[in-house]
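In terms of UniProt numbering, the sequence shown is residues 1 to 214. From the three backbone atoms N, C-alpha and C, an ideal C-beta is built for every residue, glycine too. Notes to accompany the following structure.
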Amino acid sequence: MGSVEHGAGSQALLLQFLTVLLTVECYNSSLQPMEVYVDDEAKLTLHGLQQYYVKLKDNEKNRKLFELLDLLEFNQVVIFVKSVQRCMALAQLLVEQNFPAIAIHRAMTQEERLARYQQFKDFHKRILVATNLFGRGMDIERVNIVFNYDMPEDSDTYLHRVARAGRFGTKGLAVTFVSDETDAKILNEVQDRFDVNISELPDEIDISSYIEGR
Numbered sequence: 001m002g003s004v005e006h007g008a009g010s011q012a013l014l015l016q017f018l019t020v021l022l023t024v025e026c027y028n029s030s031l032q033p034m035e036v037y038v039d040d041e042a043k044l045t046l047h048g049l050q051q052y053y054v055k056l057k058d059n060e061k062n063r064k065l066f067e068l069l070d071l072l073e074f075n076q077v078v079i080f081v082k083s084v085q086r087c088m089a090l091a092q093l094l095v096e097q098n099f100p101a102i103a104i105h106r107a108m109t110q111e112e113r114l115a116r117y118q119q120f121k122d123f124h125k126r127i128l129v130a131t132n133l134f135g136r137g138m139d140i141e142r143v144n145i146v147f148n149y150d151m152p153e154d155s156d157t158y159l160h161r162v163a164r165a166g167r168f169g170t171k172g173l174a175v176t177f178v179s180d181e182t183d184a185k186i187l188n189e190v191q192d193r194f195d196v197n198i199s200e201l202p203d204e205i206d207i208s209s210y211i212e213g214r
């Protein structure tokens, strides 16, 4: 979509990685984020990543999320929210609905975050609810779907979030919930910056478009 109101258009991302300089500070004792510096002139593409949006009210998000988790096939899922409180509440609600969910957020101790990160990485849990703490540098091979349950605050954060589902050219799916004009503005900024068309989520999605080997 050229804007959230326009819809439709090619789902393929048409750009190429040009210049990405990665500076990684490794701390064995904590989940420090990977810092990614992107040349201002560069345009990034996550090859194979399908990106869609869903327009809905904030109080409709849970029902829609549950519906999509039942409908879509996934290996692992990361769901991004904007606050620790929403992270804890959504993770608990998912567990109550029998979804294998776990949460990671800033209010946890480093030891607890690391333990939960390892559980998710080892495939003991298939759904992770997280704040932006998990948005940078935490690459999990099996993640093929990312939900922006809450809209990221800017295009950089959007990029780092959805990159969890489209690592280095692998297939993946990113679904962003748009609940107000501010959300719509940010999503339009993402499209303008990265020259990508993000369309409204269709009723059906070809599984082979977001899962390798299907």
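Proximity winner among the options, relative to residue i (alpha-carbon distances)
i, options, result
"Glu-60", "Glu-204, Ser-179, His-105", "Ser-179"
"Asp-122", "Asp-154, Asn-62, Glu-141", "Glu-141"
"Arg-63", "Leu-114, Leu-90, Leu-133, Glu-112", "Leu-90"
"Leu-71", "Asp-203, Ser-208, Glu-212", "Asp-203"
Span separating the alpha-carbon of residue i from that of residue j
i, j, result
"Ala-174", "Met-108", "26 Å"
"Ala-184", "Asp-206", "25 Å"
"Thr-131", "Lys-55", "21 Å"
"Phe-194", "Glu-153", "16 Å"
"Ser-199", "Met-151", "16 Å"
"Asp-156", "Thr-182", "16 Å"
"Leu-94", "Phe-120", "15 Å"
"Arg-86", "Leu-69", "18 Å"
"Glu-73", "Ala-163", "19 Å"
"Val-112", "Asp-58", "According to the sequence displayed, residue 112 carries Glu and not Val. Going from the Cα of Glu-112 to the Cα of Asp-58 covers about 30 Å."
"Ala-114", "Gly-213", "First, the residue type needs correcting, since residue 114 is Leu and not Ala in the sequence shown. Computed Cα separation, rounded: 31 Å."
"Asp-192", "Gln-118", "36 Å"
"Gln-110", "Asn-75", "26 Å"
"Tyr-37", "Leu-49", "The pLDDT assigned to Tyr-37 is 38, lower than 50, so where the model puts this residue is not dependable; a value taken from the coordinates is nonetheless given after this. Rounded to whole angstroms, Tyr-37 to Leu-49 spans 21 Å at the Cα level."
"Glu-67", "Phe-177", "13 Å"
"Gln-92", "Ser-208", "31 Å"
Host beta strand (DSSP E) of residue i (start-end)
i, result
"Ala-103", "101-104"
"Lys-57", "Per DSSP, Lys-57 belongs to no beta strand (DSSP E) and is neither H nor E."
"Phe-76", "In the sequence as displayed, the identity of residue 76 is Gln instead of Phe. Here the beta strand (DSSP E) through Gln-76 covers 76-80."
"residue 274", "The first residue shown for the chain is 1 and the last is 214, placing residue 274 beyond what the model contains."
"Asn-144", "143-148"
Whole-number beta carbon distance between residue j and residue i, since they are thought to touch under 8 Å
i, j, result
"Asn-144", "Arg-161", "With a Cβ gap of about 14 Å, Asn-144 and Arg-161 do not count as contacting."
"Val-190", "Tyr-158", "5 Å"
"Val-196", "Ala-165", "Actually they do not touch by this definition, with Cβ atoms about 14 Å apart."
"Arg-116", "Val-84", "With a Cβ gap of about 14 Å, Arg-116 and Val-84 do not count as contacting."
"Leu-201", "Tyr-52", "4 Å"
"Ile-104", "Leu-65", "Ile-104 to Leu-65, Cβ: 18 Å. No contact."
The alpha helix (DSSP H) enclosing residue i, as first and last residue numbers
i, result
"Phe-177", "Here Phe-177 belongs to no alpha helix (DSSP H); instead the beta strand (DSSP E) covers 172-178."
"Gln-119", "110-121"
"Met-151", "Element bounds for Met-151: n/a, residue is neither H nor E."
"Leu-187", "181-194"
"Arg-86", "84-96"
Cutoff 8 Å: residue i Cβ touching any chain B Cβ
i, result
"Pro-202", "The structure shown contains no chain B; it is built from a single protein chain."
The ligand COA heavy atom lying under 7 Å from the CB of residue i
i, result
"Leu-72", "Here there are no bound small molecules, and the ligand COA is not part of this structure."
Three CB pairs or more closer than 8 Å across the segment 96-104 and the segment 167-182: no
Touch check for the segment 73-88 and the segment 118-133: three-plus C-beta pairs under 8 Å? yes
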